[in-house]
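Here is the structure we will look at.
2 protein chains.
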Amino acid sequence: MKMAELSAVSGIPVATVKFYLRENLIAAGERTAPNQADYGPAHVARLRLIRSLIEVGGLAVADAREVLAAIDSDLPLQDTFAIAQRTVSGHIDPTGIDHRALDRVDAVLDGWLVSADNPGRLAAARVIESLDEVGHLDARNWLARYAQAALLVAEADIDEIAARSDRAAQAQTVVVGTVLGDALFSAVRRAAQEHVSALRYSAVPSRHHQTP
Amino acid sequence: MKMAELSAVSGIPVATVKFYLRENLIAAGERTAPNQADYGPAHVARLRLIRSLIEVGGLAVADAREVLAAIDSDLPLQDTFAIAQRTVSGHIDPTGIDHRALDRVDAVLDGWLVSADNPGRLAAARVIESLDEVGHLDARNWLARYAQAALLVAEADIDEIAARSDRAAQAQTVVVGTVLGDALFSAVRRAAQEHVSALRYSAVPSRHHQTP
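Order-wise, the sequence lines are chains A and B. Residues in the first sequence are numbered consecutively from 50, following this note's numbering. Residues in the second sequence are numbered consecutively from 50, following this note's numbering.
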């Protein structure tokens with residue numbers, strides 16, 4: 050198909066498709082004339098994946114390029130996981146992290162198989178440090194309950210990956226799951242907060258979306 | 050204390066403190082001379098809260114101003130909750146959301162007390178729509194497992210709020226918990242992913258932070 054059709058089928062404006070081409074997020078089409086190229090279903094699929102990562106997952110273009118390269122590579126799945134995790138976590142300088150906060154995170158994650166440079170371990174310590182500064186009541190207990198919930202989420206994540214049949218599909222699920230999983234969980238958490246708080250305080254929302 | 054001491058005690062550079070003053074994120078100090086003002090412990094506490102929301106929670110300055118105003122107000126706690134949720138969720142146009150995706154979210158949240166315009170309900174539908182587009186395997190089952198975990202997290206959140214003694218402290222916990230809770234959960238999720246995946250595939254991380 051030509052550029053105009055690629056844009057129509059994927060629902061992405063021509064200017065945006067051209068931008069992704071220039072940024073090497075998608076492969077060039079097969080040249081059919083000096084000023085024309087032919088695109089196939091793989092281009093459509095890739096465009097949808099890019100939109101998902103950037104528009105819904107909130108990745109920067111450079112970060113999207115990095116995780117797409119990891120999908121295309123033949124890196125072991127664990128390495129793809131590590132790249133995806135680093136990309137969504139941003140850079141955290143381990144030397145800037147308070148040791149006591151790190152100790153408290155490690156105490157909660159006791160027995161977990163987690164490497165010292167896991168971006169989540171460092172990021173959690175940074176949040177705990179910040180909660181201490183603002184005088185949050187009981188960050189350790191809060192963290193412990195989050196850790197229990199996170200195990201359920203991680204089990205669901207790994208099951209989704211394991212259900213895929215080949216390496217390429219698994220790598221894509223690793224990336225999509227890592228990037229969109231944060232957005233999905235944050236979203237569901239807000240619905241759960243309203244639900245639990247309504248139950249606790251018997252305040253039924255005025256615009257409940259389900260009829261009683 | 051004077052500006053220099055306020056900066057030293059809070060650990061925030063003078064230029065940044067002045068920026069927050071100009072942006073009305075903190076109250077002006079008590080004027081003691083034409084070019085000098087006096088600041089107290091409340092200023093230090095407020096500065097730490099701002100740093101937590103902006104630097105760790107990733108809020109924009111305008112969003113930080115909005116949630117700080119909600120803390121300072123005497124709005125009912127549920128309204129403060131709604132403001133905090135909206136601020137971290139960004140604007141989502143309900144008319145742009147696919148109805149089938151929304152139906153699938155509602156099916157999973159069946160029986161939850163959630164208003165139609167809960168930002169999490171809309172955001173979850175947007176993620177589900179995007180997962181469908183990229184051909185994610187079984188988004189509904191994944192969502193259902195996330196919802197179970199989100200209930201645990203929401204219980205922990207509401208318990209933290211309920212443990213506070215007065216309205217001002219509760220409102221601050223609502224805001225801090227909503228903003229930093231996303232960051233904390235995402236962090237713990239990454240550690241849990243590494244742990245579950247190492248257990249599942251017997252791949253012990255090479256740089257485990259705990260001695261065996």
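Don't be surprised by glycine CBs; every beta carbon is placed ideally from N, CA and C.
Hey, out of 154(A), 116(A), 94(A), whose CA is closest to residue 179(B)'s CA?
94(A)
For a cutoff of 8 Å on Cβ pairs, would you count residue 61(B) as touching chain A?
no
Which stretch, first to last residue, makes up the beta strand (DSSP E) that contains residue 79(B)?
79-82
Sequence-distant residues of its chain with Cβ nearer than 7 Å to residue 163(B) (five each side left out):
170
Using a cut-off of 7 Å between C-beta atoms, extract the partners of residue 195(A) located in chain B.
202, 205, 233, 234, 237
Per the DSSP calculation, residue 85(B) is bridged to which residue(s)?
DSSP lists 82(B) as the bridge partner or partners of residue 85(B).
Do the region 196-213 of chain B and the region 55-64 of chain B meet, that is, are 3 or more Cβ pairs less than 8 Å apart?
no
DSSP on residue 185(B), reduced to helix/strand/coil?
coil
Relative to the alpha-carbon of residue 231(A), which residue among 175(B), 206(B), 212(B) has its alpha-carbon at the smallest distance?
The candidate whose alpha carbon is nearest that of residue 231(A) is 175(B).
Since I believe residue 134(B) is in contact with residue 239(A) (beta carbons under 8 Å), could you give me their beta-carbon distance rounded to a whole number of angstroms?
Yes, residue 239(A) and residue 134(B) are in contact; Cβ-Cβ is about 5 Å, under 8 Å.
Starting from residue 145(A), find everything on chain B with Cβ-Cβ shorter than 9 Å and list it in chain order.
Within chain B, no residue comes near residue 145(A); the closest Cβ sits about 11 Å away, beyond 9 Å.
So for residue 68(B), helix, strand or coil by DSSP?
Residue 68(B) sits in a helix when the DSSP states are folded into three classes.
Counting only beta-carbon separations shorter than 8 Å, does residue 138(B) have a partner in chain A?
Interface residue, yes.
Within its chain, find whatever has a CB closer than 8 Å to the CB of residue 105(B); leave out the 5 residues flanking it on each side and keep chain order.
229, 232
Are the region 114-133 of chain B and the region 70-86 of chain B touching, with three or more C-beta to C-beta distances below 8 Å?
Taking 8 Å as the limit for Cβ pairs, the verdict is that the region 70-86 of chain B does touch the region 114-133 of chain B.
In terms of alpha-carbon separation, which member of 87(A), 248(A), 217(A), 155(A) lies closest to residue 160(B)?
Out of 87(A), 248(A), 217(A), 155(A), 248(A) has the C-alpha closest to the C-alpha of residue 160(B).
When burial is assigned at 16 or more other CB atoms within 10 Å of the CB, is residue 168(A) buried or exposed?
buried
Just to confirm, are residue 223(B) and residue 210(B) a CB contact at a threshold of 8 Å?
yes
May I have the straight-line CA-CA distance separating residue 121(B) from residue 110(A), to the nearest angstrom?
38 Å
For the putative contact between residue 242(B) and residue 130(A), defined by C-beta atoms under 8 Å, what is the C-beta separation to the nearest angstrom?
7 Å
So, does the CB of residue 260(B) fall closer than 8 Å to a CB anywhere in chain A?
Only weak support is given to the placement of residue 260(B): the predicted model assigns it a pLDDT of 40, under 50, and the value that follows is read from those uncertain coordinates. For residue 260(B), the answer is no, since every Cβ of chain A falls outside 8 Å of its Cβ.
Using only alpha-carbon positions, find the residue among 50(B), 227(B), 219(B) that is nearest to residue 138(B).
The option with the nearest alpha carbon to residue 138(B) is 227(B).
Exposed or buried, what is residue 80(A) when buried is set at 16 or more other beta-carbons lying within 10 Å of its beta-carbon?
exposed
Give, in chain order, every unbroken run of the alpha helix (DSSP H) that is at least 4 residues long and sits entirely within the region 112-185 of chain B.
Entirely contained in the region 112-185 of chain B, the alpha helix (DSSP H) runs reaching 4 residues are, in chain order, 126-138, 148-157, 168-182.
If we call anything under 8 Å between Cβ atoms a contact, is residue 183(A) one with residue 97(B)?
Against a cut-off of 8 Å, the Cβ pair of residue 97(B) and residue 183(A) comes out as a contact.
Output needed in chain order: residues of the region 108-138 of chain A with a Cβ under 7 Å from some Cβ in chain B.
127, 130, 134, 138
Leaving aside the five residues before and after residue 88(B) along the sequence, list all residues of the same chain whose C-beta is less than 6 Å from its C-beta, in chain order.
50, 55, 78
Return helix, strand or coil for residue 213(A), following the three-state DSSP convention.
Reduced to three states, the DSSP call for residue 213(A) is coil.
Could you tell me the alpha carbon to alpha carbon distance between residue 142(B) and residue 86(B), rounded to whole angstroms?
Per the coordinates, the alpha-carbon of residue 142(B) lies some 45 Å from the alpha-carbon of residue 86(B).
DSSP on residue 73(A), reduced to helix/strand/coil?
coil
Report the rounded CA-to-CA distance for residue 155(B) versus residue 144(A), giving the unit in angstroms.
44 Å
Comparing alpha-carbon positions, which option in 177(B), 100(B), 203(B) lies nearest residue 101(A)?
177(B)
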